[in-house]
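*Asks:* Quick one: the structure is below, and I'll ask about it shortly.
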Amino acid sequence: MKLTTKSRYAIRALAHLAEQPQGKAIPLEAIADKQCVKLKYLEQIFLKLRKAQLIEGKKGPGGGYMLAKEPQRITLGDIVEAVGESTAPVLCAVGTNDTYCSGTNDCPLQPHWIELKKQIDAFFNGHTLADVMRKKGG
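For the sequence shown, my numbering assigns the number 1 to the initial residue and increments by one for each residue that follows.
Okay, here's the thing in structure tokens:
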């Protein structure tokens, strides 16, 4: 499984917000600069993160974005799901045939792909932004 660029950028940006003092809003431009991400692309990602209530915006002077919850309450799975990405190693693991698959229901690999997806999901749902920050510092 390869984590998509959108998911990686979202995780990195939220990790950056998690480094900030609680309640401090960071302008999106500053986040984009720090993470070396195009502002327009990050705007699209932040719309999804805001809709999922993982971040909140503050308008006016000193405005920007901050986490909507404590870092220990935001899982990597929450972030990946918020930006609309899948953790499935292959499409048939989520019930969708992919173009290289025969599409038959008796595929001997499908149960293994489904099990792998469950393990990937367990990893993402079992690790929080706080975990990411602890690993970064240690």
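Note that the Cβ used here is the ideal one computed from N, Cα and C, for glycine as well.
Taking DSSP as the reference, what is the three-state secondary structure of Ile74?
*Replies:* As a working note, residue 74 is residue 74 in the sequence shown. In the structure shown, Ile74 sits in coil (DSSP, three-state: anything other than H, G, I, E or B).
*Asks:* In three-state terms, what does DSSP make of Leu39?
*Replies:* Working through the sequence shown from its first residue, we reach residue 39 at position 39. Reduced to three states, the DSSP call for Leu39 is helix.
*Asks:* Measure the C-alpha to C-alpha separation of Thr4 and Gln72 and round it to an integer number of angstroms.
*Replies:* Within the sequence shown, numbered from 1, the residue matching residue 4 stands at position 4. Within the sequence shown, numbered from 1, the residue matching residue 72 stands at position 72. Those two C-alpha atoms are separated by around 23 Å.
*Asks:* May I ask you to list the residues that DSSP assigns as paired with Glu56?
*Replies:* Stepping through the sequence shown from its first residue, residue 56 is reached at position 56. Met66, per the DSSP bridge assignment.
*Asks:* Taking 8 Å as the cut-off, decide whether the C-beta atoms of Glu25 and Gly63 are in contact.
*Replies:* In the sequence shown, counting from the first residue as 1, residue 25 sits at position 25. In the sequence shown, counting from the first residue as 1, residue 63 sits at position 63. Inspection of the sequence shows that residue 25 is occupied by Ala rather than by Glu. Cβ atoms of Ala25 and Gly63: closer than 8 Å.
*Asks:* Under 8 Å, do Leu49 and Ala15 count as touching if we go by C-beta distance?
*Replies:* Here residue 49 refers to the residue found at position 49 when the sequence shown is read from its first residue. Here residue 15 refers to the residue found at position 15 when the sequence shown is read from its first residue. Cβ atoms of Leu49 and Ala15: not closer than 8 Å.
*Asks:* Between the Cα of Gly23 and those of Val83, Lys2, Tyr65, Leu42, spot the shortest distance and give me the residue it belongs to.
*Replies:* For the purposes of this step, residue 23 is taken as the residue at position 23 of the sequence shown. When each option's Cα is compared against that of Gly23, the closest is Tyr65.
*Asks:* DSSP state of Thr5, grouped into three classes?
*Replies:* Counting from 1 along the sequence shown, the entry for residue 5 is found at position 5. In this structure, Thr5 counts as helix in the three-state DSSP scheme.
*Asks:* Cβ of Glu85 within 8 Å of Cβ of Ala68?
*Replies:* Your numbering for residue 85 matches position 85 in the sequence shown. Your numbering for residue 68 matches position 68 in the sequence shown. No, they are not a contact pair.
*Asks:* What's the call for Leu39, buried or exposed, on a 16-neighbour Cβ count within 10 Å?
*Replies:* Looking up residue 39 in the sequence shown gives position 39. Per the 10 Å Cβ criterion, exposed.
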